[in-house]
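> Everything in the sequence shown is counted per our numbering, starting at 17 for the first residue and increasing by one. Pasting a structure below so you can have a look.
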Amino acid sequence: MAPRLQLEKAAWRWAETVRPEEVSQEHIETAYRIWLEPCIRGVCRRNCKGNPNCLVGIGEHIWLGEIDENSFHNIDDPNCERRKKNSFVGLTNLGATCYVNTFLQVWFLNLELRQALYLCPSTCSDYVLGDGIQEEKDYEPQTICEHLQYLFALLQNSNRRYIDPSGFVKALGLDTGQQQDAQEFSKLFMSLLEDTLSKQKNPDVRNIVQQQFCGEYAYVTVCNQCGRESKLLSKFYELELNIQGHKQLTDCISEFLKEEKLEGDNRYFCENCQSKQNATRKIRLLSLPCTLNLQLMRFVFDRQTGHKKKLNTYIGFSEILDMEPYVEHKGGSYVYELSAVLIHRGVSAYSGHYIAHVKDPQSGEWYKFNDEDIEKMEGKKLQLGIEEDLEPSKSQTRKPKCGKGTHCSRNAYMLVYRLQTQEKPNTAVQVPAFLQELVDRDNSKFEEWCIEMAEMRKQSVDKGKAKHEEVKELYQRLPAGAVKALCKECVVERCRVLRLKNQLNEDYKTVNNLLKAAVKGNDGFWVGKSSLRSWRQLALEQLDEQDGDAEQSNGKMNGSTLNKDESKEERKEEEELNFNEDILCPHGELCISENERRLVSKEAWSKLQQYFPKAPEFPSYKECCSQCKILEREGEENEALHKMIANEQKTSLPNLFQDKNRPCLSNWPEDTDVLYIVSQFFVEEWRKFVRKPTRCSPVSSVGNSALLCPHGGLMFTFASMTKEDSKLIALIWPSEWQMIQKLFVVDHVIKIMRIEVGDVNPSETQYISEPKLCPECREGLLCQQQRDLREYTQATIYVHKVVDNKKVMKDSAPELNVSSSETEEDKEEAKPDGEKDPDFNQSNGGTKRQKISHQNYIAYQKQVIRRSMRHRKVRGEKALLVSANQTLKELKIQIMHAFSVAPFDQNLSIDGKILSDDCATLGTLGVIPESVILLKADEPIADYAAMDDVMQGKDEFVLVFLDINL
17 MAPRLQLEKA AWRWAETVRP EEVSQEHIET AYRIWLEPCI RGVCRRNCKG
67 NPNCLVGIGE HIWLGEIDEN SFHNIDDPNC ERRKKNSFVG LTNLGATCYV
117 NTFLQVWFLN LELRQALYLC PSTCSDYVLG DGIQEEKDYE PQTICEHLQY
167 LFALLQNSNR RYIDPSGFVK ALGLDTGQQQ DAQEFSKLFM SLLEDTLSKQ
217 KNPDVRNIVQ QQFCGEYAYV TVCNQCGRES KLLSKFYELE LNIQGHKQLT
267 DCISEFLKEE KLEGDNRYFC ENCQSKQNAT RKIRLLSLPC TLNLQLMRFV
317 FDRQTGHKKK LNTYIGFSEI LDMEPYVEHK GGSYVYELSA VLIHRGVSAY
367 SGHYIAHVKD PQSGEWYKFN DEDIEKMEGK KLQLGIEEDL EPSKSQTRKP
417 KCGKGTHCSR NAYMLVYRLQ TQEKPNTAVQ VPAFLQELVD RDNSKFEEWC
467 IEMAEMRKQS VDKGKAKHEE VKELYQRLPA GAVKALCKEC VVERCRVLRL
517 KNQLNEDYKT VNNLLKAAVK GNDGFWVGKS SLRSWRQLAL EQLDEQDGDA
567 EQSNGKMNGS TLNKDESKEE RKEEEELNFN EDILCPHGEL CISENERRLV
617 SKEAWSKLQQ YFPKAPEFPS YKECCSQCKI LEREGEENEA LHKMIANEQK
667 TSLPNLFQDK NRPCLSNWPE DTDVLYIVSQ FFVEEWRKFV RKPTRCSPVS
717 SVGNSALLCP HGGLMFTFAS MTKEDSKLIA LIWPSEWQMI QKLFVVDHVI
767 KIMRIEVGDV NPSETQYISE PKLCPECREG LLCQQQRDLR EYTQATIYVH
817 KVVDNKKVMK DSAPELNVSS SETEEDKEEA KPDGEKDPDF NQSNGGTKRQ
867 KISHQNYIAY QKQVIRRSMR HRKVRGEKAL LVSANQTLKE LKIQIMHAFS
917 VAPFDQNLSI DGKILSDDCA TLGTLGVIPE SVILLKADEP IADYAAMDDV
967 MQGKDEFVLV FLDINL
């Protein structure tokens, strides 16, 4: 137990046996001597809340000791941002660009590619004067080659620990917040770079991509009948290897080159035989590049889930790879050594992190590139063991044992091999003078920043030290004189609180036993049932609060008072927790509901009153609140009146209530030439009242003004009332209309009449309305509705995933997808207190007709549109919140998070129309609130050998790279 807590208990031990009224001056002096004098002498070891003279526990042990300089500032050492000696420079992750950073580091350490890029002509001469680069003008690369030049120069000679690749990423048009397919990015960027460099005059520059990365293979088909060979030559920049079902890299290569039989329906048409014949097809490697990129196809399409998944299986590969057994022309040197391993950390195909292990071609040392952080491997060895342990796989497959010079990985998705016969580079690639000048300029800015940060750190430390000395001096002057006495009122109150806390458990048992006994006569007291259930907890919280207040304030001695706002807030919280206030009515008297209270004996009430002396007291003979009784009688009378009104209206209009035998404009009834119109909203509100008259107010007026324009004209055409506007109106029989006029206040009569025109038999039938249509306001309403559908924000749309081209929806029986436990009326949101419907006077005595403005009418129309067009979400759909100015690309990102389908695998359509323009807004594409968009995910391509040709133009990357200004 803490020393200060021991002192406190010893000081107040006498309170366990002494009653509050028996507290003497001797007791007060005892508490003072044991509890407070140690504080004055500095003996106590914790802050004494009730003693203003205690200086312990307010930070003196920190201020009076030695303080670390780093605590005086929050500025990191700028030298931590400096590049370490004999190390490489990292790249900033801009959000989800780690996959770009890994490829940039791999390409940078390809010395031949770096040298060729340095030889490219640059527009940097526009920024150079006779004495160097203009200081006031920043260099902005204009082409992809210039961006790579500048990035590689900074990676080579920058003083920074890491650099920002945002210019390069922006030039490619990549979304920094969306992780793309890394393998597809590599393939498409190499195609872009090759096309860009093909325009250069220098052959060493123009052909560098082909020389370093391009190989050639042939699709060879052999007819089994005549033996004729058919060859289709194709270039490749990487080999895409299927790893499913394999454990070794060599097995993956063998499967890539294995012979395929063409039989049955898949037979080959032989031009020599002029008929379909059985045949064999295989891939033959004709030539291999200096740098061999092997893509391990870890990301495949799962037909069962409809999503992409990652194959987290181990694949073994060696540091030395002999490709001679796999090429057609033997005798050459085809021995490769491992130079890079690209890693995807994570078990999902839609998330994770990319890093790269790359070998320095000059020193032969391995480095791990993880965005800004770069780690050198020990002993010039590739170490993947720690990397593989970071992300546990869902499968329990154990890591296989690897021999010397071999490795196993379940996260490697690309292996880079370099031809071993190439001469080792003896000299480093030199940065051109114009690029070096740009790097020197950036290094100068970095050094200026380091000096500025160091100066700011020094100023903060100097201010902190001065403050330290000032506080130390203040502590020496701070001790105050001793207090010789405690407040008697506070000691008495603390004594009462301590005694009650000690006897609370015993009193709780006593009260429970007293509650079991029956109350005799009129000696009982009313107590709230809720208060009885929680009185022990309420008492304990109240005592703890009082005890804490006593310690903190120590009565009048400390003189600490709360401001008015704090006092009010505390009183409000107190009122919420006060005992027995759960049976108070709104007028402060005893509530009329006996179900919420019970009688307790006088003895039980006395015990409870010790803990809650200010609780409201209601003897058993106390009458209930007279005002509440009056209100209760009025409420009962109103309920009876409402039931009578509802029953009368239901009996008078039975078919309208049950929605039976309703007239239809599209199939005009033969027995009448006149039909009357009311708003559907009136009918729904009236039905709601008739069903539950005790919970709703009677509908006293029809409110047909909502269907009219400010000029008094009808807002609907006869054609629209038979189609889209039919949900906004209700047709009334003439007999029903006579009854409605008796039961409700009708502001405007609206009717449709059928007349016969002409003498020809049969005569022409026409339908006219009274009042007539207002064409101008009708056109304005249509324009407003269209504008609302095109300029929405935070509206709901629905995305439904299609499986096997079948939309699994229950349109024919939508009620199967809706819970039947509630009626439509129960599901509607209740209006906030005080909000009244603008069209219906629902007060009991009010019969005054309300006017409605054009703005109110538009607002009412919007409400009706929302009610009538609300889409019922079915199983398999997901609701998304979108805006009209949102692009299709942004919607695809939302869909990716909802369905785990990458944007480039999404095929979207609405009402049979394909949505393909990623830059177009949803408003221009015709996506309106409550729309249903169909989503179909692309399926995987099984023929890995032909994937190069099929995937062209498939991915989202293609659209991005085609927009780049080469």
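Glycine residues also receive a C-beta, built at the ideal position from the N, C-alpha and C atoms.
Cβ atoms of S617 and V535: under 8 Å apart, would you say?
Yes, Cβ-Cβ distance for V535 and S617 is below 8 Å.
> Go ahead and pull the three-state DSSP assignment for G332.
strand
> Checking the sheet assignment: what are the DSSP bridge partners for F201?
The partner list for F201 (beta bridge, DSSP) is empty, contrary to what the question assumes.
> May I ask which residues mark the beginning and end of the beta strand (DSSP E) holding L691?
690-695
> When burial is assigned at 16 or more other CB atoms within 10 Å of the CB, is L548 buried or exposed?
buried
> Can you find the residues in the same chain that come closer than 8 Å, C-beta to C-beta, to K752, ignoring five residues on each side of it along the sequence?
Residue identity differs from the one stated: residue 752 is Glu in this sequence, not Lys. Counting only Cβ-Cβ distances below 8 Å, and skipping sequence neighbours, we find L669, N671, L672, Y692.
> Using the beta-carbon count (16 or more within 10 Å), is H727 buried or exposed?
exposed
> For a test of the three-state rule: what should DSSP assign to M912, helix, strand or coil?
The answer is helix: DSSP assigns M912 an H, G or I state.
> Spell out a yes or no on whether the segment 80-90 and the segment 337-357 are touching, meaning 3 or more CB-CB pairs, one atom from each, closer than 8 Å.
no
> From the beta carbon of L255, is the nearest beta carbon of chain D less than 8 Å away?
In the displayed structure, chain D is absent; only one protein chain is listed.
> Mind checking Q290: buried by the 16 CB within 10 Å criterion, or exposed?
exposed
> Go to T738, then tell me how far its alpha helix (DSSP H) extends in each direction, as first and last residue.
734-738
> For L951, which residues in the same chain have their Cβ closer than 8 Å to its Cβ, ignoring the five residues on either side in sequence?
V815, H816, K817, V818, I911, F915, V917, Q922, N923, L924
> Determine the direct distance from the alpha carbon of S546 to that of C641, and round the result to whole angstroms.
Rounded to the nearest whole angstrom, the C-alpha separation of C641 and S546 is 20 Å.
> Given a cut-off of 8 Å, decide if R300 and Y233 are closer than it, judged by their beta-carbon atoms.
yes
> What residue range does the beta strand (DSSP E) around G939 cover?
No beta strand (DSSP E) holds G939; DSSP gives it neither H nor E.
> What's the call for K203, buried or exposed, on a 16-neighbour Cβ count within 10 Å?
buried
> Buried or exposed, going by whether 16 or more other CB atoms sit within 10 Å of the CB of I467?
exposed
> As a quick exercise: from A198, P157, C935, pick the residue whose alpha carbon is nearest that of L904.
Of the candidates A198, P157, C935, the one whose C-alpha sits nearest the C-alpha of L904 is C935.
> Bridge partners for F315 per DSSP, in chain order?
Answer by DSSP bridge pairing, in chain order: K326.
> Might you give, ordered along the chain, the residues of its own chain that have their beta carbon closer than 6 Å to the beta carbon of V527, omitting 5 neighbours on each side?
Within the same chain, V527 has close Cβ partners A620, K623.
> Taking the C-alpha atoms as reference points, what is the distance between K292 and R244?
If you take the alpha carbons of K292 and R244, they lie about 13 Å apart.
> As a quick exercise: from K461, G395, Q320, pick the residue whose alpha carbon is nearest that of E381.
G395
> Residue ranges of each alpha helix (DSSP H) run of no fewer than 4 residues wholly in the segment 76-122, ordered along the chain?
76-79
> What residue from L304, A631, I331, P305 has the CA that sits closest to R314's CA?
I331
> For K375, is the classification buried or exposed, using 16 other Cβ atoms within 10 angstroms of its Cβ as the cut-off for buried?
buried
> What does the Cβ neighbour count give for A656, buried or exposed, with the cut at 16 atoms within 10 Å?
exposed
> So what's R770 in DSSP terms, helix, strand or just coil?
strand
> Alpha carbon to alpha carbon, how far is S364 from H373?
21 Å
> Runs of 3 residues minimum, wholly inside the segment 227-266: which ones carry the beta strand (DSSP E) assignment?
231-239, 245-252, 255-258
> Can you give the beta carbon distance from R177 to E82, rounded, assuming they're within the 8 Å contact cut?
Their Cβ separation, rounded to whole angstroms, is 32 Å, which puts R177 and E82 out of contact at 8 Å.
> Please tell me whether, using a cut-off of 7 Å, the distance from the CB of V221 to the nearest non-hydrogen atom of the ligand MN is below it.
Looking at this structure, you won't find the ligand MN or any other ligand, since it has none at all.
> Would you grab the beta carbon distance between L431 and L354 for me? Rounded to a whole angstrom, and I think it's under 8 Å.
7 Å
> Tell me the rounded alpha-carbon separation between F252 and L302.
11 Å
> Could you check if N529 is buried or exposed, using at least 16 other CB atoms within 10 Å of its CB as the buried criterion?
exposed
> Would M737 pass as a contact of L681 if the rule is Cβ separation under 8 Å?
Yes, the pair counts as a contact, with Cβ atoms nearer than the cut-off.
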